[in-house]
Structure formats: C-alpha cells, structure tokens
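Asker: Heads up: take any position in the sequence shown, counting from 1, add 120, and you land on this note's numbering.
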Amino acid sequence: MVKPLALTLGEPAGIGPDIAIKAWLSRNELKLPAFYLLGDRDFIAKRAKILGLNIELACVGAEQAVAAFASALPIVATGRVATAQPGQPDETSAEAALASIRRAVADVVAGQASAVVTNPIAKSVLYRAGFRHPGHTEFLAELAASGGHAPQPVMMLWSPVLAVVPVTIHLPLRDAVTTLSSDLIVSTARILVADLKARFGLAAPRLAVTGLNPHAGEDGTLGTEDQDIVAPAVEILRAEGIAVRGPLPADTLFHDAARKTYDCAICMYHDQALIPIKTIAFDDAVNVTLGLPFIRTSPDHGTAFDIAGTGRANPASLIAALRLAARMAAT
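What follows is the structure in structure tokens.
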C-alpha cells in the first residue's frame, strides 16, 4: 500500500503554508508523491485567499490522504488553531508548529505515513514559548527516543551536486570548538555511512573530512585541533574500512573537481558545511536528518517572514524534500 508523506505546517507566519499550497498545485505537472499537510484547515484556506490561489482542501485522516490528493490538498487536523498573519507570529504560532511536528512523527511511527517532511520553523518564536531544543533536529531526536534513550541525530544537507554533514550543529562557534571531539566525529561518520548505504544505495560511501582550522591547521602552526582531534578520528574510521580522507582544508574542498572525489563532506561546524551548499544549490538542497528510526527531510531555507503571503516564495526546495523523502522511503 502506498503511504503518503506527512508534511508539517512549520511556522504559520512564514512561507511554509505558501510553499505547501504551491507544491500541491504543481502535483500533476511535476508528478509529486502524495502528501498531506498537518494543520488548521481554516488557516490554510485564509492563506490561499491571501495568495490569490484557488485551491480545494479536504479534511481527512492520514489513511485517506492518498485518495484525496488528486483533487484536493489533504489536511489532517492537529487540534491546534493558527491565527498568525503573514510575517507576524502570534501566540498561536509555537504550539501550532510543534503540534504539527508531533503528529507527523506519531503518524510515521504508527505506519500511517512513509516519512516526515518539515516546513521551516522560527526558533526565536519557539524559544519565547519555552522550547528548550536548539532546533528541529534535536526535537525530532527526543520524539524518537526509546526507553529514555534519544538517538544521535545527524544533519545532512543533500543536493544532486553536493552533500555535507556538520559535526556540531546549532552552537555558537566558541562552543562548537569546545564540543568537537574525535568520538563525536567518529559516531557522526558511522551514522552517515550507515544511512548512505541503507537510504541512498551507496555500497561504499566516500567521505571527505574537513579540518577545523584554516588550511587544516598547517601542521599545527594554525592550531593543533586538526592533529589532536580530527586526524585520530579519520584513522579510526579508516581502520574500520570506511573510505575517508582528512583532515582537508575546507577552502579547497567544494569546487567542481574536488566534489567529484567524495560522496559527502563531513565538516566541523555549521557554517563550514552550510555556506558551500547554500551557495551551490540553494533552491534544490534538502535537509535530511540521519540516525532516526524514521525518514525526515526539510527544505534548506528558513521562514522568510519578509515574503510570506506575497506569492514570491519558491517551493523548489520543498519539492526536492518531498521527492527525496519518497525516494528514501522506497529503498
């Protein structure tokens, strides 16, 4: 039986609702996999009206979404209303966004959906409401916890031309440096390799590991972390039979010729990974969370409050996330 993808609402005041509507409207032309949107039907109807788009909405259960998808955007209610205007989060925003994520994960765990696809959230809005996680990735890991043990989530940014993984994610740079360890690099790489094999069909993934410092430390003259932390991790991985190189200077790792030598680059901190992929593949890059017991993808952009409700939001990254989720679910 074909199962639909569970698409979360994201921050109601952002472009998540806009691109969800646009993606559904392009379903036939682009042959998109069936999905349903978790949220408030009245809110989605109002946003479509603001956008000037004519769209059919169907309030359904997850099990009815595939049948409804051809003629209407399936909406699965979360029990939380959303009232935010475009670009203006309000007191309903945080709980509407979180309820949508919780329900999406529950549906996938229950076997009613094949994967979770998340629209962008506004962390500052969630923090004001008491949210205590650094971001989406860490919240999903908590929802996936079993027996009190949360899995280690690994964030991969994937596109047809480049895939990257940051070892440390949503941390201030000074904290990223102190958090980095050989053990963290090794565990991140192991999870990455396992999912590249299981979900992406790569029998022997090739990894490139960046250095932390400029020029990978220049033999210790620009910092010893690459000798003391990164290099030992690479040796451990190589001893396990993983095709891995590093530490490599990050400034020469992302040009065309270099990208052909590896399947994924493991980077030491957030911007070291995200700047190159957002430069090279902004419109079609996808955020994938590895290491979870379910599939999760997301557009590789934020809430874009400044263009929410204007009709200018580009659904390309969401469409790529939907397609990749369906591809991974089929493996």
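A virtual CB, placed ideally from N, CA and C, is assigned to each residue, including glycine.
1) Quick check on Val313: does DSSP put it in helix, strand or coil?
2) Hey, which unbroken runs of the beta strand (DSSP E) at 3 residues or more fall wholly within the segment 377–445?
3) For Ser213, does the count of other Cβ atoms within 10 angstroms reach 16, so buried, or fall short, so exposed?
4) Which residue wins for smallest C-alpha separation from Ser191, given the options Ile175, Leu260, Ile241 and Asn407?
5) State buried or exposed for Asp315, treating a residue as buried only when at least 16 other CB atoms are found within 10 Å of its CB.
6) Going by DSSP, what residue range makes up the beta strand (DSSP E) through Ile349?
7) How would you label Asn148, buried or exposed, when you count the other beta carbons within 10 angstroms and need 16 or more for buried?
8) What residues match up with Leu125 in a beta bridge as DSSP calls it?
9) Measure the CB-CB distance between Thr409 and Leu218 and report whether it falls below 7 angstroms.
10) Kindly list the residues whose CB is nearer than 7 angstroms to the CB of Leu342, restricted to its own chain and excluding five residues on each side of it in sequence; keep chain order.
11) Considering only C-alpha positions, which residue in the set Glu262, Pro209 and Gly207 is nearest to Ala226?
12) For Cys179, count the other beta carbons within 10 Å of its own beta carbon; 16 or more makes it buried, fewer makes it exposed. Which is it?
13) Spatial neighbours of Phe251 within its chain, please: CB distance less than 8 angstroms, with the 5 preceding and 5 following residues excluded, ordered by chain position.
14) Is the Cβ-Cβ distance between Tyr156 and Pro206 less than 7 angstroms?
15) Assign Gln184 to one of three DSSP states: helix, strand, or coil.
16) Enumerate, from N- to C-terminal direction, the unbroken beta strand (DSSP E) stretches of 3 or more residues contained entirely within the segment 335–374.
17) Taking a contact to mean a Cβ-Cβ separation below 7 angstroms, would you say Gly331 touches Val350 in this structure?
18) I'd like the span of the beta strand (DSSP E) that includes Ala283, first residue to last.
19) How should Gln208 be labelled, buried or exposed, when 16 other C-beta atoms within 10 angstroms of its C-beta is the threshold for buried?
20) Whether or not the segment 397–409 and the segment 363–371 are in contact is what I'm after, with contact meaning three or more pairs of Cβ atoms, one per stretch, closer than 8 angstroms; do they touch?
21) If I measure Cβ to Cβ from Thr423 and keep anything under 8 angstroms in the same chain, skipping five residues before and after, which residues do I get?
22) Going by the beta-carbon positions, is the gap between Val306 and Val329 smaller than 7 angstroms?
23) Have a look at Ala445, Pro124, Thr399 and Lys169 and flag the residue whose alpha-carbon is nearest the alpha-carbon of Phe457.
24) Work out the CA separation of Arg310 and Ala318 for me, nearest whole Å.
25) Per DSSP, what kind of secondary structure is Ile139 in: helix, strand or coil?
Answerer: Let me lay it out:
1) As a position in the sequence shown, residue 313 is number 193, starting the count at 1. Here Val313 sits in helix by DSSP.
2) As far as the segment 377–445 is concerned, its whole beta strand (DSSP E) runs of at least 3 residues are 384–387, 406–410 and 416–419.
3) As a first step, residue 213 is located in the sequence shown; it is residue number 93 there, counting from the start. Ser213 comes out buried.
4) By 1-based counting over the sequence shown, the position of residue 191 is 71. Checked all of Ile175, Leu260, Ile241 and Asn407; the closest Cα to Ser191 is Ile175.
5) Within the sequence shown, numbered from 1, the residue matching residue 315 stands at position 195. Asp315 comes out buried.
6) Sequence index remark: in the sequence shown, residue 349 carries index 229 (1-based). Taken as a continuous stretch (DSSP letters only), Ile349 belongs to no beta strand (DSSP E), as it is neither H nor E.
7) If you number the sequence shown from 1, residue 148 lands on position 28. It counts as exposed.
8) As a working mapping, residue 125 is identified with position 5 in the sequence shown. Leu125 is bridged to Phe155 and Ala235.
9) Here residue 409 corresponds to residue number 289 of the sequence shown, with the count starting at 1. Here residue 218 corresponds to residue number 98 of the sequence shown, with the count starting at 1. For Thr409 and Leu218, no; Cβs fall outside 7 angstroms.
10) As a first step, residue 342 must be located in the sequence shown, where it is residue number 222. Around Leu342: Asn333, Pro334 and His335.
11) Start at 1 with the first residue of the sequence shown, and residue 226 comes out as number 106. When each option's Cα is compared against that of Ala226, the closest is Glu262.
12) Residue numbering aside, residue 179 sits at position 59 when the sequence shown is read from its first letter. Under this definition Cys179 is an exposed residue.
13) As a first step, residue 251 is located in the sequence shown; it is residue number 131 there, counting from the start. Exclusion of the five residues before and after Phe251 leaves Ala214, Leu218, Lys243 and Phe259 as the residues of its chain whose Cβ lies within less than 8 angstroms of its Cβ.
14) Against the sequence shown, residue 156 aligns to sequence position 36. Against the sequence shown, residue 206 aligns to sequence position 86. With a cutoff of 7 angstroms on beta-carbon distance, Tyr156 and Pro206 are scored as not near each other.
15) Translated into the one-based positions of the sequence shown, residue 184 becomes position 64. Helix at Gln184.
16) Every beta strand (DSSP E) stretch that sits fully inside the segment 335–374 and reaches 3 residues is listed by chain position as 363–368.
17) As a position in the sequence shown, residue 331 is number 211, starting the count at 1. As a position in the sequence shown, residue 350 is number 230, starting the count at 1. In this structure, Val350 lies closer than 7 angstroms to Gly331 by Cβ.
18) Looking up residue 283 in the sequence shown gives position 163. Residues Ala283 to Pro286.
19) Position 88 of the sequence shown, counting from 1, holds the residue named residue 208. Label assigned to Gln208: exposed.
20) The segment 363–371 is not in contact with the segment 397–409.
21) Locating residue 423 in the sequence shown gives position 303, counting from the first residue. Contacts found: Gly130, Glu131, Ala133, Gly134, Ile135, Gly136, Pro240, Ile241 and Ala242.
22) Within the sequence shown, numbered from 1, the residue matching residue 306 stands at position 186. Within the sequence shown, numbered from 1, the residue matching residue 329 stands at position 209. Not in contact: Val306 and Val329 (Cβ atoms no closer than 7 angstroms).
23) Past the boundaries of the shown model lies residue 457; the chain is included only from 121 to 451, so the question cannot be answered.
24) As a first step, residue 318 is located in the sequence shown; it is residue number 198 there, counting from the start. As a first step, residue 310 is located in the sequence shown; it is residue number 190 there, counting from the start. Taking the straight line joining both Cα atoms gives about 12 angstroms.
25) Position 19 of the sequence shown, counted from the start, is the residue given in the question as residue 139. Three-state DSSP puts Ile139 in a helix.
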